[in-house]
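Numbering (this note's numbering), first residue to last: 3 to 387.
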């Protein structure tokens, strides 16, 4: 693999973060699984994580026989509330996963303080965060390891894909051994379908076409005609036989292209956040709370609405790109949360956010006019209510 596109991607990604090592996987959740294995998370161990996340981030914990322990969020930052973490720690707690929700940096000072006092490891979930910083230090470099996702709706995309990143030499060595020894290759069919989907995405997906494209994609995914971000079999706590897949060279080439454009991507997202902040303030609404020490790069801009279902329905009809993350505390809405030990009321702020929060686009194809049109649409909807 010494001269492959994938090896170049590993090297370049690690260099971007000043990290020791990076390893590419088929999806972000696979990178998470690799890190958990490298950290020797096993049956009976407990892993603390926010109760406002994607179920795909919970599955790898279940696959290893460990137990996810859900912590409620701060309603203003949408990140795990560190004041509630300590109460959830037990003799079996081995790891805290700090998720940077929507790209808003988690309170790493507080989480790392708990980690040091209690002797518990910290990993970062950077699936929604690339480029965000705290006092100039990049998210993804605070914990012992971090994982990233490059799926369609992430900060940048290679169609599918994930990366495990670490500054810890021992963890890097263990992930490398697992990557070489145990991962399987994606099939030619999967790679070719993904290549075709990337071509379609680059040609046809714009803010006004997103809603229709998503509905079409979900239908084709159910029929098995596209390589989906999530298959129905992944909505259960049962690991598929070919789950532990490495990234393909095709994804690596797409990822390297995205990395070469990263500075422009981050600058655009920062500009979009500032614009949304201004537009939201003009209507007297409350946007996400950002620490003065943080410089977030948002994947989407979260905003609360009075009637989320109506807002999403009307947005689709008016060709306004409006996201639904997170539809429930363990997104997506189809998740049987009881199978993961989650029940309504366990994380009341996460339950409430799931009912109220929509999100607005910050990606490279969203413009100033996109932002103004999106906020104007929500303002009109609010008046109608």
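Note that the Cβ used here is the ideal one computed from N, Cα and C, for glycine as well.
These figures come from a predicted structure and were not determined experimentally.
Asked: Whole angstroms is fine: what's the gap from residue 139's alpha carbon to residue 387's?; Found: 43 Å
Asked: What number of angstroms, rounded off, separates the C-alpha of residue 433 from the C-alpha of residue 41?; Found: This structure does not reach residue 433, given that the chain is present from 3 up to 387, and the question cannot be answered.
Asked: With distances taken Cα to Cα, identify the nearest neighbour of residue 181 among 189, 109, 358, 32.; Found: 32
Asked: In whole angstroms, what is the alpha-carbon distance linking residue 121 and residue 43?; Found: 15 Å
Asked: If you draw a straight line from the C-alpha of residue 338 to the C-alpha of residue 346, how long is it?; Found: 12 Å
Asked: Helix, strand or coil: how does DSSP classify residue 111 here?; Found: helix
Asked: Can you tell me which of 187, 326, 256, 201 puts its alpha carbon nearest to the alpha carbon of residue 14?; Found: 256
Asked: Closest to residue 325 by C-alpha separation, out of 294, 288, 365, would be which residue?; Found: 365
Asked: My understanding is that residue 143 touches residue 23, with C-beta atoms under 8 Å, so please give their C-beta distance in whole angstroms.; Found: About 13 Å; that fails the 8 Å criterion.
Asked: So what does DSSP say about residue 354, is it helix, strand or coil?; Found: helix
Asked: With distances taken Cα to Cα, identify the nearest neighbour of residue 260 among 362, 157, 321.; Found: 157
Asked: Taking Cβ positions, are residue 81 and residue 106 nearer each other than 8 Å?; Found: yes
Asked: Taking only the alpha-carbon atoms, compute the straight-line gap between residue 276 and residue 384 and give it to the nearest angstrom.; Found: 22 Å
Asked: So residue 388 packs on residue 146, CB below 8 Å; how close in whole Å?; Found: In this structure the chain extends from 3 to 387, so residue 388 is not present and cannot be described.
Asked: Per DSSP, what kind of secondary structure is residue 361 in: helix, strand or coil?; Found: strand
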